[in-house]
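Student:
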Amino acid sequence: RDVQHATLDRPAVRNAMSLQMVDELGAVLALAEAGGDVRAIVLRGTGGHFCAGADLQDMAQARQRELAGESDAIAAVNARFGHLCGAFARTGLATIAVLEGTVMGGGLGLACVVDVALAGQGAQLRLPETSLGVVPAQIAAFLVERVGASQARRLAVTGGKLGVAQALAIGLVHEVHEDGGSLDAALAETLAQVLRCAPGAIAATK
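Residue numbering for the sequence shown is 224 to 429, as defined by this note's numbering.
1) What does Glu398 pair with, by DSSP beta-bridge criteria?
2) Assign His272 to one of three DSSP states: helix, strand, or coil.
3) Can you grab the Cα-Cα spacing for the pair Val326 / Ala250, in whole Å?
4) If you compare alpha carbons, which of Pro359, Ala235, Thr314 and Glu289 is closest to Arg376?
5) So the candidates are Ser294, Ala299 and Glu323; which of them puts its Cα closest to the Cα of Arg237?
6) If you follow the alpha helix (DSSP H) that Gln389 is in, where does it begin and where does it stop?
7) Is the beta carbon of Ala310 sitting closer than 8 Å to the one on Leu266?
8) Which runs of the beta strand (DSSP E) fall wholly inside the segment 362-386 and span at least 3 residues, in chain order?
9) Which residues share a DSSP beta bridge with His228?
10) Is the segment 327-346 in contact with the segment 386-397, if contact means three or more CB pairs nearer than 8 Å?
11) With respect to the alpha helix (DSSP H) encompassing Thr413, which residues constitute its N-terminal and C-terminal limits?
12) Can you tell me whether Asp295 is buried or exposed? The criterion is at least 16 other CB atoms within 10 Å of its CB, across all chains shown.
13) Touching or not, the segment 336-350 and the segment 302-322, by the rule of three or more beta carbon pairs under 8 Å?
14) When the Cβ atoms of the segment 252-259 are set against those of the segment 297-314, are three or more pairs found closer than 8 Å?
This is the structure we're talking about:
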């Protein structure tokens with residue numbers, strides 16, 4: 224089993240990232256690393272969207288806990304997602320994201336930590352945190368690493384919204400393809416290229 228596919232599957236909320244999903248994605252990665260037979264992980268969402276960022280219900284519950292006296296409850300929720308991004312950034316396995324529809328907040332963070340980001344023509348990428356009065360603390364470092372400090376600052380101060388052409392131009396995504404069969408074919412070709420490389424050399428290079 225050379226390729227592990229991990230699917231974000233909450234289409235009713237555009238695959239918003241719940242804490243359960245954070246834990247499950249972390250477990251998928253840990254099992255893939257431990258098993259020894261996985262060489263690449265593919266992240267993709269269902270329902271025509273990649274990920275709409277943090278789950279609002281989890282954030283609302285964290286706010287209620289803070290009001291009840293639990294300090295740093297919101298920070299703890301955010302940190303769990305940050306640890307997930309860090310784990311994907313550090314892994315020696317090849318990582319690929321297929322970006323469709325909404326790619327927002329934490330979804331944008333995941334797009335920044337994978338090795339190859341393939342986008343469909345209809346994808347919309349957003350960094351909305353500052354427009355909502357919060358700081359994109361968990362993904363900012365990964366965004367800077369992907370697109371550079373200048374572009375990251377521009378996105379932060381404008382509550383950035385990018386079409387795929389803009390995302391490609393600044394290096395946030397690596398390829399853009401027509402949604403559907405063309406995107407699937409691009410994924411298959413990317414995986415074929417990865418699997419022609421030596422896994423040890425990929426891990427050491429990363």
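We put the CB at the ideal spot given by N, CA and C, even for glycine.
Tutor: With the structure as the only source:
1) Leu341, per the DSSP bridge assignment.
2) Here His272 sits in coil by DSSP.
3) Cα-Cα distance, rounded: 22 Å.
4) Residue Pro359 is the option with its Cα nearest to Arg376.
5) For the options Ser294, Ala299 and Glu323, the alpha carbon positioned closest to that of Arg237 is the one of Glu323.
6) In the DSSP assignment, Gln389 falls within the alpha helix (DSSP H) that extends over Val387 to Ala392.
7) The answer is no: Cβ separation not under 8 Å.
8) Segments of the beta strand (DSSP E) lying fully in the segment 362-386: 384-386.
9) According to DSSP, which records beta bridges pairwise, His228 is partnered with Val265.
10) These segments touch.
11) According to the DSSP assignment, Thr413 belongs to the alpha helix (DSSP H) that extends over Gly404 to Leu418.
12) Taking all protein chains in view, the Cβ of Asp295 is surrounded by fewer than 16 other Cβ atoms within 10 Å, so the residue is classified as exposed.
13) The segment 336-350, when compared against the segment 302-322, does touch it at the 8 Å Cβ threshold.
14) Because the criterion of three Cβ pairs below 8 Å is met, the segment 252-259 and the segment 297-314 touch.
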